[in-house]
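Going by this note's numbering, the first residue of the sequence shown is number 486, and it counts up by one from there.
For every residue, glycine included, the Cβ atom is placed at its ideal position computed from N, Cα and C.
Nothing here was measured: the structure is a model prediction, and the numbers come from that model.
This report refers to the structure that appears directly beneath it.
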Amino acid sequence: MQQNTNIGSNQQDLKAKKRRAAQTARLFTLQFQLIFR
């Protein structure tokens, strides 16, 4: 029973990590644009 809940939480964690990665990528691209104008 716990395995099912763990799988669901893992999927949510992956989604959160993807969101964080996208946000950090946007920040890095903005910083690079400012630096390399």
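Look at the alpha carbon of residue i and the alpha carbon of residue j, and state the distance between them as a whole number of angstroms.
i: THR480; j: ALA507; result: There is simply no residue 480 to check, as the chain begins at 486 and stops at 522 in what is shown.
i: PHE517; j: LYS502; result: 22 Å
i: GLY493; j: LYS500; result: 11 Å
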